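Encoded as structure tokens, the structure appears first; notes follow it.
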Amino acid sequence: MNLLGLPQTELADYVVSLGSKPFRARQLMSWLYKRQVGDIAAMTDLAKDFRAQLAAHAEVRVPEVIKRLDSADGTRKWLLSADSSQAFEMVFIPEVDRGTLCISSQVGCVLDCSFCSTAQQGFNRNLTAAEIVGQVWLANQELGFSPDDPRIITNIVFMGMGEPLANFRNVVPAIRVFLDDFGFDISRRRVTLSTSGLVPQIYKLAEEVNCALAVSLHAANDRLRNELVPINRKHPIAELLEACWHYLDEQNGRSVTFEYVMLEGVNDSLADADELARLLQHRPAKINLIPFNPFPGTDYRRSAMPVIHQFRDRLLQRGLIATIRKTRGDDIDAACGQLAGRVQDRTTIRLGAKSFGLQVHA
Ligand code: SAH
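Numbering-wise, the sequence shown is residues 4 to 365 according to the numbering used here.
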């Protein structure tokens with residue numbers, strides 16, 4: 004049993020199943036998440052017998068680092084392996100007032116969004132809850148966590164590989180560990196789940212956890228969104244927005260962030276901005292414009308920066324809140340596909356060449 008996969012209630016059940024008292028779960032969690040100690044033998048306030056029991060049945064295991072990349076601007080990227088045939092990516096983006104960790108929820112993806120390189124690799128498998136939590140644990144370790152300075156990672160975003168709501172079963176317990184006072188203790192506004200729009204799961208999520216929601220909109224009408232985000236054929240925009248407003252109501256949330264990738268000649272005209280404004284005006288919405296990251300084999304191109312600025316300004320004129328996502332870690336972002344190639348050559352591991360995360364809100 005990998006302890007990192009268990010939120011507090013499940014950990015308490017597990018502890019009881021080993022013959023100990025439920026409150027030991029909190030003690031265990033404070034070793035794991037407050038002190039970043041994974042060695043069960045070192046958890047000295049737990050009874051020796053219990054430690055022996057735990058050590059016999061449980062472990063703390065994090066994904067293995069295949070490759071690290073450091074950008075000149077401080078952004079760091081890790082290529083991680085889940086088992087012998089899988090790999091996925093994680094990115095840390097430091098800023099003056101926060102540190103954002105961008106994590107993956109799946110290896111590959113089934114959703115087939117036309118502008119996303121993860122889609123090209125198809126779907127390998129869901130990450131387990133322990134592998135999702137393990138990314139944050141590992142990042143803390145890599146970034147020099149110490150109990151005196153535990154706040155290196157202040158924000159977590161599910162904007163790496165995969166569709167988190169398609170891995171609901173494992174993502175929800177991981178979020179619980181992120182939010183728990185005895186876990187990473189991150190505020191609910193600083194854990195963001197980004198989804199392409201799995202409507203029934205948005206309703207389910209509203210009942211299960213309390214975290215920020217980002218939605219990959221990318222188009223303001225169904226005709227175009229059907230093409231860019233095919234799940235839209237099943238759950239069209241009107242239905243998706245209903246789910247978003249329901250989510251906010253249930254959670255007392257302030258706003259939903261709508262991601263909008265800027266694709267030259269596809270969705271970046273002022274008429275598109277007007278249509279988007281009509282859709283989201285007077286709604287609790289923030290729009291985050293993402294300059295497209297090209298990847299080998301794609302026909303899409305990134306909109307020119309002046310076009311992106313005009314688009315943003317038009318939204319602002321129409322009274323919307325809109326920001327442009329700042330591109331970070333360009334130098335290692337550019338190396339993303341190459342890195343995958345090199346590792347592939349060496350170890351024949353099948354990798355995603357997705358250039359997802361080296362960007363932050365401007
Ligand atoms: N499956 C989730 C998480 C995806 S990654 C979702 O769809 O939201 C986070 C964001 O990166 C999404 O908004 C996604 O649409 C966007 N994205 C994917 N490929 C991209 C690319 N090549 N350039 C810029 N953004 C991209």
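Just so you know, even glycine gets a beta-carbon here, dropped at the ideal spot from N, CA and C.
None of the values given here were measured: they were computed from a predicted structure.
Residue range of the unbroken alpha helix (DSSP H) whose run includes residue i
i: ASN129; result: Element bounds for ASN129: not the alpha helix (DSSP H) but the beta strand (DSSP E), 126-129.
i: GLU98; result: Where GLU98 is concerned, there is no enclosing alpha helix (DSSP H), given that its DSSP letter is neither H nor E.
i: ARG54; result: 51-60
i: ARG29; result: 27-32
Residue i beta carbon near the ligand SAH (any heavy atom closer than 7 Å)
i: ALA293; result: Inspection of the sequence shows that residue 293 is occupied by Ile rather than by Ala. Within the cutoff, so yes.
i: CYS116; result: yes
i: MET162; result: yes
i: SER190; result: no
i: SER199; result: yes
i: HIS221; result: yes
i: GLY125; result: no
i: GLY165; result: yes
i: PHE298; result: yes
i: CYS119; result: yes
i: GLU262; result: yes
Backbone secondary structure at residue i - three-state DSSP
i: GLN320; result: helix
i: LEU83; result: strand
i: LYS237; result: coil
i: ILE352; result: With a pLDDT of 36 at ILE352, under the threshold of 50, the modelled position of this residue cannot be trusted; read the value that follows with caution. Correct three-state label for ILE352: coil.
i: LEU14; result: helix
i: ARG328; result: strand
i: ARG71; result: strand
i: VAL19; result: helix
i: ILE159; result: strand
i: ASP275; result: helix
i: ASP152; result: strand
i: ALA365; result: At ALA365, the pLDDT of 28 sits below 50, so the modelled position is not reliable; the number obtained from the coordinates is stated separately. Note: ALA365 maps to coil in three-state DSSP.
Rounded distance between the beta-carbons of residue j and residue i, thought under 8 Å
i: ILE290; j: ALA325; result: 4 Å
i: HIS312; j: GLU262; result: Between GLU262 and HIS312 the Cβ distance is about 18 Å, and since that is not below 8 Å, they are no contact.
i: PRO66; j: GLU134; result: 6 Å
i: SER199; j: VAL232; result: 5 Å
i: GLU92; j: MET164; result: 6 Å
i: GLU62; j: PRO176; result: The Cβ separation is near 17 Å, so there is no contact.
i: GLN109; j: LEU130; result: 6 Å
i: ARG54; j: ILE69; result: At roughly 32 Å, the Cβ-Cβ gap does not stay under 8 Å, so ARG54 and ILE69 are not in contact.
i: THR47; j: ARG101; result: At roughly 33 Å, the Cβ-Cβ gap does not stay under 8 Å, so THR47 and ARG101 are not in contact.
i: LEU208; j: LEU244; result: Wrong, their Cβ atoms sit about 16 Å apart, outside the cutoff.
i: GLU283; j: ARG317; result: According to the sequence displayed, residue 283 carries Leu and not Glu. No, LEU283 and ARG317 are not in contact; Cβ-Cβ is about 13 Å, not under 8 Å.
i: VAL174; j: VAL136; result: That pair is no contact at about 10 Å.
Residue span of the beta strand (DSSP E) that contains residue i, given as start and end
i: MET265; result: 259-265
Any non-hydrogen atom of the ligand FAD closer than 7 Å to residue i Cβ
i: GLU210; result: No copy of the ligand FAD occurs in the structure displayed; its ligands are the ligand SAH alone.
Length-filtered (4 minimum) alpha helix (DSSP H) runs lying within the stretch 171-230 = 171-182, 202-211
Contained beta strand (DSSP E) runs [length at least 3] in the stretch 278-311, N- to C-terminal order | Counting only unbroken stretches of 3 or more residues, the beta strand (DSSP E) elements lying wholly within the stretch 278-311 are 288-294, in sequence order.
Where are the beta strand (DSSP E) runs, 3 residues long or more, that stay fully inside the stretch 103-149, in chain order?
-> 109-111, 126-129
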